[in-house]
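Per my numbering, residue 14 is the first one in the sequence shown, and the count goes up by one each step.
Even for Gly, the Cβ is constructed at its ideal location relative to N, Cα and C.
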Amino acid sequence: MPHLTWSAELALDHPQMDATHQEFVDLLAATEQALAGSPEAGLQAYDALVEHTVAHFGQEDRWMAATGFAPENCHGTQHAQVLQIMREVSRLAHEQQDFGPLGRVLPELAAWFRVHAQTMDASLATHLDQLGFDPATGECRRRVAADSITGCGGASCSPAAPEPTAA
Ligand SMILES: [Fe+2]
Ligand SMILES: [Fe+2]
Numbered sequence: 014m015p016h017l018t019w020s021a022e023l024a025l026d027h028p029q030m031d032a033t034h035q036e037f038v039d040l041l042a043a044t045e046q047a048l049a050g051s052p053e054a055g056l057q058a059y060d061a062l063v064e065h066t067v068a069h070f071g072q073e074d075r076w077m078a079a080t081g082f083a084p085e086n087c088h089g090t091q092h093a094q095v096l097q098i099m100r101e102v103s104r105l106a107h108e109q110q111d112f113g114p115l116g117r118v119l120p121e122l123a124a125w126f127r128v129h130a131q132t133m134d135a136s137l138a139t140h141l142d143q144l145g146f147d148p149a150t151g152e153c154r155r156r157v158a159a160d161s162i163t164g165c166g167g168a169s170c171s172p173a174a175p176e177p178t179a180a
């Protein structure tokens, strides 16, 4: 049984974000399953998850940049921190054949994602909706002040979600 499965509580009523998040959940489960077979298969699946996460976070970061978030906003900062950990886990496995961190980071990622989706991503989805943001064109129906948001996009900045650790 994977640590994370898709459920209604993860859905944000934002079709593009929800589709990306379902892919994240599926790739994480596929990595857990592959790792149960062999470390090498687990690492191959994990690298696909990392690649997907680069695009996933990049997409949200672009949406935030287009809708008034400052470059150093806390949501984008958390993306960068999580991706750094994910890449370090991959590096340790590839360069030192140390697969321990890979086994430990998967349940951590599952727990982190559940909180992140329900706080920072949920606030971003609401923010995009309120602005009438169209992901296809990058246009908003309402005007936004550039670089004005440093929190998560909610009425008050959500507390930071616990981050996965590599060790
Ligand atoms: Fe997300
Ligand atoms: Fe996010």
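Nearest to residue i (by Cα), restricted to the options the options
i, options, result
"His-107", "Cys-165, Ala-58, Glu-36 and Gly-164", "Ala-58"
"Cys-165", "Pro-114, His-88, Val-128 and Gly-151", "His-88"
"Ala-124", "Ala-32, Ala-42, Leu-25 and Glu-101", "Ala-42"
"Glu-73", "Asp-134, Thr-150 and Asp-147", "Asp-134"
"Glu-36", "Ala-47, Trp-19, Leu-105 and Gly-50", "Trp-19"
"Met-99", "Gly-50, Arg-117 and Val-128", "Arg-117"
Buried versus exposed call for residue i [16 or more other C-beta atoms within 10 Å across all chains shown]
i, result
"Pro-28", "exposed"
"Gln-91", "buried"
"Ala-93", "exposed"
"Asp-111", "exposed"
"Gly-55", "buried"
"Ala-138", "buried"
"Glu-121", "buried"
"Thr-150", "exposed"
Residues near residue i by beta carbon distance below 7 Å, same chain, minus five either side
i, result
"His-34", "Leu-23 and Ala-130"
"Val-157", "Thr-80, Gly-81 and Leu-144"
"Ser-171", "Caution applies to Ser-171, whose pLDDT of 47 falls short of 50 and renders its modelled position unreliable; the model cannot decide the point."
"Val-38", "Leu-17, Thr-18 and Trp-19"
"Asp-31", "Ala-24 and Leu-25"
In DSSP terms, what residue i is bridged to
i, result
"Phe-82", "Ile-162"
"Glu-73", "Paired residues: none, contrary to the question."
"Asp-147", "Glu-152"
Cut-off 6 Å between Cβ atoms - residues of its own chain near residue i, not counting five sequence neighbours on either side
i, result
"Arg-154", "Gly-145"
"Glu-45", "Pro-15 and Leu-119"
"Pro-52", "Phe-112"
"Leu-48", "Gly-55"
Close beta carbons around residue i, own chain, < 8 Å, minus the five adjacent residues each side
i, result
"Ala-96", "The sequence shown places Leu at residue 96, rather than the Ala named in the question. Val-63, Thr-66, Val-67 and Phe-70."
"Leu-40", "Ala-58, Ala-61, Leu-62 and His-65"
"Trp-76", "Leu-137, Leu-141, Phe-146 and Pro-148"
"Ala-83", "Asp-160, Ser-161, Ile-162 and Thr-163"
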